[in-house]
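A.B. asks: Numbering of the sequence shown is given in our numbering, commencing with residue 4 and proceeding in unit increments. Dropping a structure here in structure tokens format, bear with me for questions.
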Amino acid sequence: MYVADSSFIQDPRKSVVENGKYCTQRYSTHEVEAIYHALKVTRNKYPMDLRGIGLANESWIVKYKARYVLFEMIIQLLELSDNPLDEFSKSIAYVTKGAFFRKYAINFFEKSKPFVSDETLMKFSSFQPLNIHLTYAKVYESEHEYEKAISCMEAAQKYGGSENLYFKQKINELECKLVKNSPKRSRTMSEDDIQFEKDIRFAARYLIDYFNVNYI
4 MYVADSSFIQ
14 DPRKSVVENG
24 KYCTQRYSTH
34 EVEAIYHALK
44 VTRNKYPMDL
54 RGIGLANESW
64 IVKYKARYVL
74 FEMIIQLLEL
84 SDNPLDEFSK
94 SIAYVTKGAF
104 FRKYAINFFE
114 KSKPFVSDET
124 LMKFSSFQPL
134 NIHLTYAKVY
144 ESEHEYEKAI
154 SCMEAAQKYG
164 GSENLYFKQK
174 INELECKLVK
184 NSPKRSRTMS
194 EDDIQFEKDI
204 RFAARYLIDY
214 FNVNYI
């Protein structure tokens with residue numbers, strides 16, 4: 004198993020903030036070091052064909068602003084790849100971006116799903132099948148795709164225990180939502196959200212070039 008490296012200790016006091024929020028236009032040395040550590044570990048640990056999912060595996064345990072930048076780097080680095088593991092990695096990256104990017108997460112997940120087995124995911128500590136099935140059950144539920152959410156919960160149940168009441172209760176809840184089929188609320192990104200994404204994309208592109216990273 005590829006176990007994500009947790010040797011770099013992040014210190015939230017060393018993050019650049021403004022008005023109580025992350026400043027996405029300035030980065031401390033510590034924040035850049037956290038990003039570089041994940042890149043270096045990925046380069047040294049994983050063969051070239053696993054670097055995409057390798058970086059996702061390492062980035063999953065990273066916190067704070069560095070996490071946003073690393074997952075955006077994955078999206079940019081793998082943009083032109085149709086390798087199923089890379090498609091899965093892009094999906095995970097979009098999951099971390101939240102509600103406005105769930106459609107992208109689902110799109111890449113469904114492209115990868117026929118080719119990326121649970122046995123493959125078991126090789127990466129951050130992507131154990133139970134957690135992945137639960138993650139995508141939540142993604143599908145949030146998008147009101149209840150049949151697919153139920154399918155993911157049933158897959159998770161195989162790993163979490165067939166007698167575990169949580170799974171039975173959650174599946175029943177999803178089945179009720181499927182019958183009710185309430186309309187999904189429309190969402191619009193705020194100006195702050197748009198600027199945040201723009202800044203993160205710029206930082207990711209800059210650091211890809213600065214560290215000369217290339218995965219495909």
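Just so you know, even glycine gets a beta-carbon here, dropped at the ideal spot from N, CA and C.
1. Is it buried or exposed, alanine 102, if we count other Cβ atoms within 10 angstroms and call 16 or more buried?
2. Does the pairing of the stretch 60–71 with the stretch 125–142 give three or more beta-carbon distances under 8 angstroms?
3. Run through DSSP, which three-state label would aspartate 116 get?
4. Can the beta-carbon of glutamate 21 be found closer than 9 angstroms to that of alanine 69?
5. Taking DSSP as the reference, what is the three-state secondary structure of glutamate 82?
6. Inspect the beta-carbon positions of aspartate 210 and valine 72 and report whether they are closer than 9 angstroms.
7. Grouping DSSP H, G and I as helix and E and B as strand, with all else coil, what is phenylalanine 214?
8. What residue range is occupied by the uninterrupted alpha helix (DSSP H) comprising leucine 168?
9. For glycine 163 and phenylalanine 170, what's the separation of their Cα atoms in angstroms?
10. Is DSSP giving tyrosine 39 helix, strand or coil here?
11. Where do the N-terminal and C-terminal ends of the alpha helix (DSSP H) with leucine 88 fall, by residue?
12. Can you list, in chain order, the residues of its chain whose CB lies under 7 angstroms from that of aspartate 8, leaving out five sequence neighbours each side?
13. Are the beta-carbon atoms belonging to alanine 96 and phenylalanine 74 less than 9 angstroms from one another?
14. Does the beta-carbon distance from isoleucine 38 to glycine 55 come in below 9 angstroms?
15. Across which residues does DSSP place valine 20 in a beta bridge pair?
16. Buried or exposed, going by whether 16 or more other CB atoms sit within 10 Å of the CB of cysteine 155?
17. Bridge partners of phenylalanine 205, per DSSP?
18. Count the other C-beta atoms from every protein chain shown that fall within 10 angstroms of the C-beta of glycine 57, then say buried if there are 16 or more, exposed otherwise.
19. Who are the near neighbours of leucine 81 in its chain, counting only those whose CB is closer than 7 angstroms to its CB and skipping five residues on each side?
20. Would you grab the beta carbon distance between phenylalanine 214 and leucine 83 for me? Rounded to a whole angstrom, and I think it's under 8 angstroms.
C.D. replies: So, from the data block:
1. Alanine 102 comes out exposed.
2. Contact between the stretch 60–71 and the stretch 125–142 is established, with three or more Cβ pairs separated by less than 8 angstroms.
3. Per the sequence presented here, residue 116 reads as lysine, with aspartate not at that position. Lysine 116 falls in the coil class under three-state DSSP.
4. Result no, Cβ atoms of glutamate 21 and alanine 69 do not sit closer than 9 angstroms.
5. DSSP, read as helix, strand or coil, puts glutamate 82 in coil.
6. Per the sequence presented here, residue 210 reads as leucine, with aspartate not at that position. Yes.
7. Residue state, collapsed to three classes: coil.
8. That run of the alpha helix (DSSP H) goes 168–183.
9. Taking C-alpha positions only, glycine 163 is separated from phenylalanine 170 by approximately 8 angstroms.
10. Three-state result, tyrosine 39: helix.
11. Looking at the DSSP string, the run of the alpha helix (DSSP H) that includes leucine 88 is 87–100.
12. Excluding positions up to five away in sequence, the list reads Val44 and Glu61.
13. In this structure, phenylalanine 74 lies closer than 9 angstroms to alanine 96 by Cβ.
14. No, Cβ-Cβ distance for isoleucine 38 and glycine 55 is not below 9 angstroms.
15. Partner(s): Tyr25.
16. Cysteine 155 comes out buried.
17. The partner list for phenylalanine 205 (beta bridge, DSSP) is empty, contrary to what the question assumes.
18. Glycine 57 comes out buried.
19. Cβ within range, chain order: Gly55, Asp89, Ser92, Lys93, Tyr218 and Ile219.
20. Contact flag wrong, Cβ pair sits at about 19 angstroms.
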